[in-house]
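J.: Could you have a look at this structure, given as structure tokens, before my questions?
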Amino acid sequence: MIVQAWGYGRLIGCLAIATVLSLAAFGFFSGTVSLSNLGVAFSQAEVQRHIENAGAVGPLAVIALMALAIVASPIPSAPIALAAGAAFGHYLGAAYVAIGSELGATIAFVFARKLGRSTVRRFLGKYSEFGLLGSQKALMLSVFASRLLPFVSFDAISYVAGLSQLHLWRFMLATFAGILPASFVLAHFGAVAMSGDWGTAEWITIGLGVVTALPFVFLTLKNRKQIDDE
């Protein structure tokens, strides 16, 4: 595949650079990387203010902060996504959030694969024992489905998937397809908070919920039919 031909070494190098940029952005916007100040530094209002003040660097800051929020689990990503929507609007905000989420998930995946199970277990505890077994298609579907479920840890799945046999390109494709609905919803609510048009937001949220649920309904009905036929 393309990733294998290019080499994991170069990929890790690029991801390491992205991580450094994320840390730099985090330090710039929050003024400190102390965990004791995470709650203040990453409130929606604070993040939005810093993004708007950053000017042309704002989109890069959103991408870097979203990536860092996934790699470093204690950092909440929702305020960043909401602030991105408020600062850049529905579509651009969602695009920046999705790109940052994809970058962060890929960094976590590669770190887990290269650093090994013992290192990841120290960060994730019991979540590192969650098994992603099966064929490449089943693993890919599992990652995609997990991205659609808000109660499933985005960070943990990224790390655990890196410990599985799932190919990187399949992980990246499943992750990107799965995070688009959530990215748009969060960015949209951020934009709506600025305009006050909550009626439109409700209908869009309902529509995205229906679209997200349709594949699961289809699979459930298909499996039920197979059981009945047997």
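Start counting the sequence shown at 1; every next residue gets the next number (the UniProt record's numbering). All C-beta atoms in this analysis are idealised placements derived from N, C-alpha and C, irrespective of residue type, glycine included. Remember, predicted model here, so these are calculated numbers, not experimental data.
Check the C-beta distance from M66 over to V110 and give it rounded, since I have them as a contact under 8 angstroms.
T.: Locating residue 66 in the sequence shown gives position 66, counting from the first residue. Locating residue 110 in the sequence shown gives position 110, counting from the first residue. M66 to V110, Cβ: 17 angstroms. No contact.
J.: Drop a sphere of 10 angstroms on the beta-carbon of E52, count the other beta-carbons inside from all chains shown, and report buried for 16 or more, exposed for fewer.
T.: For the purposes of this step, residue 52 is identified with residue 52 of the sequence shown, where counting begins at 1. Flag for E52 reads exposed.
J.: Do three or more CB pairs link the region 160-179 to the region 72-79 at distances below 8 angstroms?
T.: With a cut-off of 8 angstroms, the region 72-79 and the region 160-179 do not count as touching, because too few Cβ pairs lie within range.
J.: How many Å lie between M140 and A191 at the Cα?
T.: Here residue 140 refers to the residue found at position 140 of the sequence shown. Here residue 191 refers to the residue found at position 191 of the sequence shown. If you take the alpha carbons of M140 and A191, they lie about 32 angstroms apart.
J.: Would you tell me roughly how many angstroms separate the C-alpha atoms of I63 and S142, rounded to the nearest one?
T.: The residue labelled residue 63 in the question sits at position 63 within the sequence shown. The residue labelled residue 142 in the question sits at position 142 within the sequence shown. When rounded, the distance between both Cα atoms is 25 angstroms.
J.: According to the Cβ coordinates, are Q136 and R113 closer than 7 angstroms?
T.: Mapped onto the sequence shown, residue 136 falls at position 136. Mapped onto the sequence shown, residue 113 falls at position 113. Going by C-beta atoms, Q136 is not nearer than 7 angstroms to R113.
J.: Buried or exposed: G178, going by 16 or more other Cβ atoms within 10 Å of its Cβ?
T.: On the sequence shown, position 178 is the one that residue 178 refers to. By the neighbour-count rule (16 or more Cβ atoms within 10 Å), G178 is buried.
J.: Quick one: grab the DSSP three-state call for S164.
T.: Residue mapping note: residue 164 aligns to position 164 of the sequence shown, counting from 1. S164: coil per DSSP, three-state reduction.
J.: How about the region 181-189 and the region 86-103: do they share at least three Cβ pairs that are nearer than 8 angstroms?
T.: Contact between the region 181-189 and the region 86-103 is present, because at least three Cβ pairs lie under 8 angstroms.
J.: Under the rule that 16 or more other beta-carbon atoms within 10 Å means buried, what is G27, buried or exposed?
T.: Against the sequence shown, residue 27 aligns to sequence position 27. Legend: pLDDT at G27 = 46, less than 50; position of this residue unreliable, value from coordinates given subsequently. Exposed, since its Cβ has fewer than 16 Cβ neighbours within 10 Å.
J.: Are F154 and A174 close, meaning C-beta to C-beta below 7 angstroms?
T.: On the sequence shown, position 154 is the one that residue 154 refers to. On the sequence shown, position 174 is the one that residue 174 refers to. No.
J.: Taking DSSP as the reference, what is the three-state secondary structure of P59?
T.: Walking along the sequence shown from the start, residue 59 turns up at place 59. Helix at P59.
J.: Suppose the cutoff is 7 angstroms on Cβ atoms and the five residues either side in sequence are ignored; what does the same chain contact list for A108 look like?
T.: Taking the sequence shown and counting its residues from 1, the one referred to as residue 108 is at position 108. The answer, listed in chain order, is I70, V71, D155, S158, Y159, G162.
J.: Within its chain, find whatever has a CB closer than 8 angstroms to the CB of P59; leave out the 5 residues flanking it on each side and keep chain order.
T.: One-based indexing of the sequence shown puts residue 59 at position 59. For P59, where only same-chain residues beyond five positions count, the Cβ hits under 8 angstroms are F88, L92, Y96.
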